[in-house]
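Beneath this line is the structure, given in structure tokens, with notes to follow.
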Amino acid sequence: MQRSLNTSSLKILRRSLFVRFLSATPIYHSVSALKKWPLKTRTTNQKKINLGQGLVQKKTKNNFKNKPTPVSKNTRGFIPAKFRLMKIESDVKLPNKSRELSADNKCQTNIRSQETKPTEHPTELINLKKRFKSSKSEIRLTDLTFESFKLREEVYNAIRQGALKDIEPFLPTEIQMLTIPEILKTDNEHILCAAETGSGKTLAYLIPIVNKLKEEEANSTSYTRKDINEEILKIPIDEEKPQYIDVFQKELEQELQLKTVVKSTARRFNRPRAIVLLPSRELVEQILSVAKLLSHHAKFRAIAITSNKDRRFIKKTLEMPVDIVIATPAGLLEYIEQGYINMADTKYLVIDEADTMFGKGFGEEVQNIVTNMKNSGKNQNKSYQIIIVSATLPKTVNEMLNQEFPNIKSITSHSLHKVLPNLKHNFIDMKDYNYNKSAAILEVLKKHNTNEQSTMIFCNTRVSAHALENFLKTKKLPVIGLFGNINDRKKKLDEFCNQDPNAKILVCTDLASRGIDTTFVNHVILHDFPTTVVNFLHRVGRTARAGRRGEATYFITKKNRDLSSRIYRNIRDGKVLS
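All residue numbers for the sequence shown refer to the working numbering, where the first residue is 2 and numbers rise by one.
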């Protein structure tokens, strides 16, 4: 007997549209049920039914030749254009004198699974058990020293005795050698500084900016002692906030420091001469800590502005000369609109983590800040310099920068968009653990001494990170969590960065993948494999920094075999991760 389709059996549920007939089998659960559909039973009405996996159009009897197949959402091998990384040629080259690290520091990769030859099939994970060394990935340190930059004495001392006090050899990195002379050379040429994570980009722009600020002070008109006593430092003290008294009283009591604070007309109240923009308050605090290491010897004032800072303290501090403001775009705009910050004297604007700043909703705020800086100096005909800094530059961001700043000078390292050269990689297929990540993470942590080594474990979501943190706590491991929905993020980050015995393992999301100083981290585990190459580079860049060695372990599942295979091949061949 011929069966007919009962349209009354179509029922729309909350999440999916079920097509039921006879046995009431939901078709989106059984693709084979679709194949069993008799051709004669299909209606001639041209309607589309959502089967949970895509849109399938019912066709007429005459035109129905091919079996309808749900549209697949499997895009694991596809990388959207905005996340694609490209090789960017540098407009500045290293001098002839340079040296490379020994082969012992070159890249090592270890793939766990059965021994097979590398395959180019896009859906297979490349399985190799052997280790290899890449001859195309190495760090290059210049033989030239910081003395070759001809910095001011106080700035050189700030580097030697402050920021790089314990770093040996005391030599600039490749990106520092390329960038510092170019920023020192001019005041009106915009610069793009792009290099791999852990390469010293922060000092690459802070050192020349501080040096130029000190040069301006030396060449400007000096205040007299009478001016300082009678006018310059008339600052109201809030008795309800004793901590403010400590900050300002110290300046009043120490004559040497007092003269440094307001000794020239180059430094004026609420008019910063340099601004550094960053996307998060954690990054703001990190860059501020680096600036403070320089300020102890070079004698300048830097302040951080974020949404969680004490507003009264910031306003009080802005009543004194401030040289460098380090802020998030929203936080800075708030104080500009309220009149507490005037950008008339701002000559240097640094936009750090540019791929995030221009790619995740900060674009309009950054544009407003740039416009404000331009308009504030129209009457003075001032020159200004914009410095764009990033460890990754996706195609869309790079094209946008070239459009907005057509004459920008690009300075890139040879390892840009590549993994760090002294990093060992372990690709672990979860198929070997029956896709039980809990068993895999315990085995990996057991092999590494978590009491002595610091480990970062990355998850893709807050829910995943929170669940993993709780699981590891039940195993009595020294773990803390850092993700977006917790209030004490700074406290937990400080505990981990200070290598607290109870915080040797940090379970986190991509919140901790950028800008944070994690030179001490020995091991990075990607519990959840990232969805983009950009996130992969930033995560693994938390270890093997500043020439140190590190190790990274990746958990591979069915969903990310294509992307992990592509990344593996690029690491093996020493190519840009694209």
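For every residue, glycine included, the Cβ atom is placed at its ideal position computed from N, Cα and C. In this text the structure is predicted, and so the values were computed from the model without any measurement.
Leaving aside the five residues that flank V525 on each side, the residues in its chain whose CB is nearer than 6 angstroms to its CB run, in chain order, M457, V541, R543, T544 and A553.
Here M374 carries a helix assignment [DSSP, helix/strand/coil]. The three-state reading of DSSP puts P322 in strand, counting E and B together. Under the three-state reduction of DSSP output, D433 falls in the helix class. Around R153, the same chain offers N212 and K215 as residues with beta carbons nearer than 6 angstroms, after the five sequence neighbours per side are excluded. Of the other Cβ atoms in all chains shown, fewer than 16 fall within 10 Å of the Cβ of K166; this residue is therefore exposed.
L193 is bridged by DSSP to I389 and S411. When secondary structure is reduced to three states using DSSP, R549 falls in the coil class, being assigned neither helix nor strand. In the structure shown, C509 falls within a strand segment according to DSSP collapsed to helix, strand and coil. The residue from C194, I160, I184 and R161 with its alpha-carbon nearest to that of S91 is C194.
For the set N437, F497, K505 and P531, the Cα lying nearest the Cα of T462 is the one of P531.
For L417, the CB contacts under 7 angstroms within the same chain, skipping 5 residues up- and downstream, are I89, A195, A196 and E197 in chain order.
When rounded, the separation of the alpha-carbon atoms in M178 and Y434 is 47 angstroms. With contacts defined by Cβ atoms closer than 8 angstroms, D511 and S465 do not form a contacting pair. Here T456 is bridged, per DSSP, to I506 and H524. When DSSP reads this structure, A305 sits in a beta bridge with I327. When the Cα atoms are used, V93 and H415 turn out to be separated by approximately 11 angstroms. As the crow flies, the alpha-carbon of D430 is around 21 angstroms from that of G551. Just so you know, the alpha carbons of R268 and L319 end up roughly 12 angstroms apart.
Here the segment 280-298 lies against the segment 514-525, with 3 or more beta-carbon pairs under 8 angstroms apart. Pairing T347 with A303 gives a Cβ-Cβ distance that is not under 8 angstroms. Around the beta-carbon of F171, fewer than 16 other beta-carbon atoms lie within 10 Å, marking it exposed. Around P209, the same chain offers I181, I184 and L185 as residues with beta carbons nearer than 6 angstroms, after the five sequence neighbours per side are excluded. By the criterion of at least three beta-carbon pairs nearer than 8 angstroms, the segment 499-514 is not in contact with the segment 359-373. Within the same chain, Cβ atoms closer than 8 angstroms to the Cβ of I160 are found at F147, L152, L204, I208 and L295, the five residues on either side in sequence being excluded. By the Cβ-count criterion, D574 is exposed, with fewer than 16 other Cβ atoms from all chains shown falling within 10 Å of its own Cβ. I388 places its beta carbon 8 angstroms or farther from that of I568. Within the same chain, Cβ atoms closer than 7 angstroms to the Cβ of N373 are found at I337 and M344, the five residues on either side in sequence being excluded. Here K419 is buried: its Cβ has 16 or more other Cβ atoms, across all protein chains shown, within 10 Å.
Annotation: the continuous beta strand (DSSP E) that includes V351 extends over Y349 to I352. A distance below 8 angstroms between beta-carbons, with the five flanking residues on each side excluded, links G360 to the following residues of its chain, in chain order: K83, P395, T397 and V398. The C-beta distance from E218 to S200 rounds to 30 angstroms, too long to fall under 8 angstroms, and the pair is not in contact. By the Cβ neighbour-count rule, M358 is buried, with 16 or more other Cβ atoms within 10 Å of its own. The continuous stretches of alpha helix (DSSP H) do not include I481, which lies in the beta strand (DSSP E) extending over residues V480 to L483. In the three-state scheme derived from DSSP, where H, G and I count as helix and E and B as strand, I176 is classed as helix.
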